Amino acid sequence: MRPIVATISQSALQHNLSVVKKHTPNAKVMAVVKANGYGHGLLNVAHSLHAAEGFAVLGISEAITLREAGFKQTILLLEGVFNASELAAVENYNLDIVVHSKYQLEMLVNANMRHAVHVHLKMNTGMNRLGFAPQNYAAAYHALASHHHVAGVTLMTHFATADNAQGIAAPLDLFQHTIHDLPDNLPISLANSATILRYSDLTADWVRPGIMLYGATPVSNVPATDYGLQPVMQLRSEIIGVQTLAVGDSVGYGNRFTADKNMRVGIVACGYADGYPRQAGLLGGEYPTITPIAVSDKVTSTLGRVSMDMLFCDLTNIPEADIGSEVELWGNQIAVDAVAEAAGTVGYELLCAVSPRVPVQLVD
Ligand SMILES: *Cc1c(COP(=O)(O)O)cnc(C)c1O
Numbered sequence: 016m017r018p019i020v021a022t023i024s025q026s027a028l029q030h031n032l033s034v035v036k037k038h039t040p041n042a043k044v045m046a047v048v049k050a051n052g053y054g055h056g057l058l059n060v061a062h063s064l065h066a067a068e069g070f071a072v073l074g075i076s077e078a079i080t081l082r083e084a085g086f087k088q089t090i091l092l093l094e095g096v097f098n099a100s101e102l103a104a105v106e107n108y109n110l111d112i113v114v115h116s117k118y119q120l121e122m123l124v125n126a127n128m129r130h131a132v133h134v135h136l137k138m139n140t141g142m143n144r145l146g147f148a149p150q151n152y153a154a155a156y157h158a159l160a161s162h163h164h165v166a167g168v169t170l171m172t173h174f175a176t177a178d179n180a181q182g183i184a185a186p187l188d189l190f191q192h193t194i195h196d197l198p199d200n201l202p203i204s205l206a207n208s209a210t211i212l213r214y215s216d217l218t219a220d221w222v223r224p225g226i227m228l229y230g231a232t233p234v235s236n237v238p239a240t241d242y243g244l245q246p247v248m249q250l251r252s253e254i255i256g257v258q259t260l261a262v263g264d265s266v267g268y269g270n271r272f273t274a275d276k277n278m279r280v281g282i283v284a285c286g287y288a289d290g291y292p293r294q295a296g297l298l299g300g301e302y303p304t305i306t307p308i309a310v311s312d313k314v315t316s317t318l319g320r321v322s323m324d325m326l327f328c329d330l331t332n333i334p335e336a337d338i339g340s341e342v343e344l345w346g347n348q349i350a351v352d353a354v355a356e357a358a359g360t361v362g363y364e365l366l367c368a369v370s371p372r373v374p375v376q377l378v379d
């Protein structure tokens with residue numbers, strides 16, 4: 016069998032949930048498990064995080080998977096329903112829905128329903144993605160709150176700049192000002208990972224952590240370990256070939272790396288078809304920048320272009336490494352965020368992009 020595997024650490028997930036609880040001890044946790052649990056496997060994550068009070072997903076099918084696996088928590092559809100026919104499953108499986116636009120509100124009030132559903136009413140506080148404009152928010156609230164298809168309303172927004180210097184002051188102010196005249200006992204759902212980690216004094220009934228649960232950073236210049244987070248996924252493979260290079264020899268497509276000394280090169284069974292970013296190391300232009308990789312527990316770097324099924328790494332200073340040696344693409348020694356940075360992206364994207372051909376294995 017091809018030696019690649021992504022192991023998912025249950026204890027790291029639980030530890031990272033405890034970091035959420037430490038920052039926002041009074042809030043209920045809506046663990047965001049969209050995108051197949053950020054690539055970690057929806058049920059792997061949900062079972063490990065069974066202590067969370069809720070789960071947030073994107074699609075009905077993910078929500079049904081969770082209900083059928085026995086999860087009794089609140090399950091929220093983060094973008095609500097995409098068409099009215101999905102409301103039948105919302106009722107049957109007792110799901111919460113986001114309502115972010117007038118057309119969704121109309122679908123809900125005009126539907127043929129036997130049970131009332133709980134609505135998370137989303138406000139656009141400046142991201143300009145989904146959500147009611149502040150000036151239309153109170154009207155949307157009253158239309159829902161008075162309707163017999165609605166069991167209750169949670170007030171919700173999502174911050175666009177929680178991870179940078181702009182911060183959340185202005186959008187939070189707008190949110191609070193807009194809800195000022197609504198009943199003051201309504202639950203409030205606010206915070207993504209960056210907000211939780213950077214604004215612990217925030218009060219909310221629900222927080223919505225995603226990336227921090229998986230042990231990657233939501234803030235580009237702050238390593239996840241600085242927040243006390245533990246990496247959850249370890250993407251591992253092995254050396255399946257070794258080459259020796261003389262001065263002037265090159266490796267890989269396009270001869271993008273040429274040795275300026277005698278070198279030993281390892282061929283790793285992992286490529287872009289596994290989800291490893293092909294851009295990694297190519298950002299420097301003609302000569303590759305360095306992407307870290309660990310072989311036999313030692314940190315070295317990749318070389319040349321990533322192929323579909325393989326990539327190259329420098330074994331010159333790891334003489335003990337040979338065919339069958341353990342490789343960590345990311346995980347405990349190599350932060351996924353470090354590989355992401357070398358590829359000009361964020362850890363989120365790499366985790367979500369691990370391809371279905373990589374076996375995923377839940378470990379303690
Ligand atoms: C994805 C998502 C989150 C989680 O964001 P992280 O940055 O991964 O913590 C929270 N809220 C909403 C509305 C989302 O779409």
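Per this note's numbering, the very first residue in the sequence shown carries number 16; after that it's consecutive.
Glycine is no exception: its CB is placed at the ideal position from the N, C-alpha and C atoms.
Computed from a predicted model, the values in this text were never measured in an experiment.
DSSP beta-bridge partners for residue i?
| i | result |
| --- | --- |
| GLU70 | The sequence given here places Phe at residue 70; Glu does not occur at that position. According to DSSP, which records beta bridges pairwise, PHE70 is partnered with ALA46, ILE90. |
| GLN376 | THR22 |
| HIS135 | VAL113, THR169 |
| LYS313 | VAL310 |
| GLU253 | GLU341 |
| SER265 | THR273 |
| PHE147 | MET138 |
| GLY281 | VAL257, CYS328 |
| ILE226 | Paired residues: none, contrary to the question. |
| SER466 | Residue 466 falls outside the range modelled here, since the chain spans only 16 to 379, and no answer is possible. |
Buried or exposed for residue i, going by 16 or more other Cβ atoms inside 10 Å?
| i | result |
| --- | --- |
| PHE272 | buried |
| SER252 | buried |
| TYR302 | Any reading at TYR302 is ruled out, since the residue's pLDDT is 49, under 50, leaving its predicted position unreliable. |
| MET325 | buried |
| PRO238 | exposed |
| GLN119 | buried |
| THR259 | exposed |
| PHE86 | buried |
| TYR287 | buried |
| PRO334 | exposed |
| GLU83 | exposed |
| GLU121 | exposed |
| PRO233 | buried |
| ASN143 | exposed |
| LYS37 | exposed |
| LYS117 | exposed |
| HIS115 | buried |
| VAL96 | buried |
| ARG213 | buried |
Please report the straight-line C-alpha distance between residue i and residue j, rounded to a whole angstrom.
| i | j | result |
| --- | --- | --- |
| SER63 | PRO246 | 14 Å |
| GLU458 | GLY243 | Residue 458 is absent from the structure shown; the chain starts at 16 and stops at 379. |
| VAL283 | ASP275 | 22 Å |
| GLY319 | VAL266 | 6 Å |
| THR172 | ASP196 | 17 Å |
| VAL168 | MET248 | 35 Å |
| GLY141 | THR218 | 20 Å |
| ASN139 | HIS30 | 32 Å |
| PRO18 | ASN236 | 33 Å |
| ASP337 | ILE349 | 20 Å |
| SER311 | PHE174 | 41 Å |
| ASP264 | VAL280 | 11 Å |
| PRO374 | ASN59 | 13 Å |
| VAL262 | VAL72 | 52 Å |
| ILE194 | SER26 | 39 Å |
| SER100 | THR80 | 18 Å |
| PRO198 | TYR156 | 10 Å |
| ALA1 | VAL354 | Since the displayed the chain opens at 16 and closes at 379, residue 1 lies outside it and no answer follows. |
| ALA67 | VAL105 | 21 Å |
| SER215 | LEU330 | 44 Å |
| LEU228 | LEU28 | 6 Å |
| GLY182 | VAL257 | 48 Å |
| THR176 | ASP220 | 21 Å |
Go to residue i, then tell me how far its beta strand (DSSP E) extends in each direction, as first and last residue.
| i | result |
| --- | --- |
| ALA309 | 307 to 310 |
| ASP329 | 326 to 329 |
| ALA166 | 165 to 172 |
| VAL60 | Element bounds for VAL60: not the beta strand (DSSP E) but the alpha helix (DSSP H), 57 to 63. |
Which stretch, first to last residue, makes up the alpha helix (DSSP H) that contains residue i?
| i | result |
| --- | --- |
| THR193 | 184 to 193 |
| CYS80 | One detail in the question is off: residue 80 reads as Thr in this sequence, not Cys. Run containing THR80: 75 to 83, per the alpha helix (DSSP H) assignment. |
| GLY362 | 362 to 367 |
| ILE1 | The question about residue 1 has no answer, for the chain in this structure spans 16 to 379. |
| VAL105 | 102 to 107 |
| VAL351 | 351 to 357 |
Just checking: is the beta-carbon of residue i within a distance shorter than 8 Å of some beta-carbon in chain C?
| i | result |
| --- | --- |
| THR331 | Absence of chain C from the displayed structure is noted, only one protein chain being present. |
Open item on the list: Is it the case that the stretch 331 to 342 contacts the stretch 248 to 262, given that we only count it when at least three CB pairs across the two stretches are under 8 Å?
Closed with: The stretch 248 to 262 makes contact with the stretch 331 to 342, as at least three CB pairs between them are under 8 Å.
Open item on the list: Three or more C-beta pairs under 8 Å: does that hold for the stretch 356 to 372 against the stretch 38 to 55?
Closed with: Because the criterion of three Cβ pairs below 8 Å is met, the stretch 356 to 372 and the stretch 38 to 55 touch.
TODO: Could you say if the stretch 131 to 140 and the stretch 102 to 113 meet the contact criterion of at least three C-beta pairs nearer than 8 Å?
DONE: Yes: the two stretches touch, three or more of their Cβ pairs being nearer than 8 Å.
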